[in-house]
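Asks:
Residue numbers (mature numbering (1 follows the signal peptide of the UniProt record, and there is no 0)): -18 to -1, 1 to 230.
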């Protein structure tokens, strides 16, 4: 039920962000009765057509079909992954560094202050190594960061967060795209967390089965909430800063 609720929320958010190209659509009642009523009115208005804002201007008949095809392809969820529009080629790399290195290192720092060790933070290097404890935990941090970065990049593609509108001067669009991408990434993290629990126990577990399972589920929920909140804070900060330095 948790996964189903998350995916319903994600699809709603992404569908809303996917109709940005169709803002400004004007619906006109063009029936004969309506035309007759307007013709006899002193304040009759001119006939207005349906206006659809495309990716770029230009109203020629030659490229109108291509623009419409590109809009339809970009508004399909599959098309956002297979044919993404990336207006800043360095932005995916910057997002990956923020989500994959800065965010998990911040999580480790927060857990260190609280004297709590996440279940994924396991030292992979031998204790006899000359490296200190922080460097011994670095491989596990990078591995978890790669997971977070992958989820965010997929969410960014789904919410079209690499298009110029997503890091432009309109901060409402920037915020909407980040929230939509973060919601998609959060849904992926929920699915991966449940898959990890299934692999660990060999079956689907639920709360109330035993005190040990309850404790494990509480730890998984706490770690999931910490990952989502820290990564959301960093990505919001980064994307708002990126939008603030946009010159065009």
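The beta-carbon is built from N, C-alpha and C at its ideal position, and this holds for glycine as well. Being a predicted model, the structure only gives us computed values, none of them experimental.
Under a Cβ-count criterion, where at least 16 other Cβ atoms within 10 Å of its own Cβ denotes burial, should residue 204 be classed as buried or exposed?
Replies: The residue in question, residue 204, is exposed, as its Cβ has fewer than 16 Cβ neighbours within 10 Å.
Asks: Could you compute how far the alpha carbon of residue 76 sits from the alpha carbon of residue 211?
Replies: Straight-line Cα distance between these residues: approximately 19 angstroms.
Asks: Determine the contact status of residue 139 and residue 193, defining contact as a CB-CB distance below 8 angstroms.
Replies: Their beta carbons are not under 8 angstroms apart, which means residue 139 does not touch residue 193 by this criterion.
Asks: Am I right that residue 119 and residue 105 are in contact with their C-beta atoms under 8 angstroms? What's the rounded C-beta distance?
Replies: Indeed they touch by this definition, with Cβ atoms about 6 angstroms apart.
Asks: Tell me which residue opens and which closes the alpha helix (DSSP H) that residue 164 is part of.
Replies: It spans 153 to 183 - the alpha helix (DSSP H) in which residue 164 sits, taken as one unbroken run.
Asks: Is residue 87 helix, strand or coil when you go by DSSP?
Replies: If DSSP states are grouped into helix, strand and coil, residue 87 belongs with the helices.
Asks: Could you tell me how far apart the beta carbons of residue 275 and residue 207 are, in whole angstroms, since I believe they sit closer than 8 angstroms?
Replies: The displayed coordinates of the chain run from -18 to 230. Any statement about residue 275 would go beyond what the structure contains.
Asks: Only counting the same chain, and skipping five residues up and downstream in sequence, which positions put a Cβ closer than 7 angstroms to that of residue 84?
Replies: Same-chain partners within the cutoff: 216.
Asks: Could you tell me which of 134, 186 and 107 sits nearest to residue 161, measuring between CA atoms?
Replies: Among 134, 186 and 107, the Cα nearest to that of residue 161 belongs to 134.
Asks: Take residue 122 and list the residues in its own chain whose beta-carbon comes closer than 8 angstroms to its own, dropping the five residues that flank it on each side.
Replies: Within the same chain, residue 122 has close Cβ partners 102, 103, 104, 105 and 106.
Asks: How is residue 223 classed by DSSP in three states: helix, strand or coil?
Replies: Reduced to three states, the DSSP call for residue 223 is helix.
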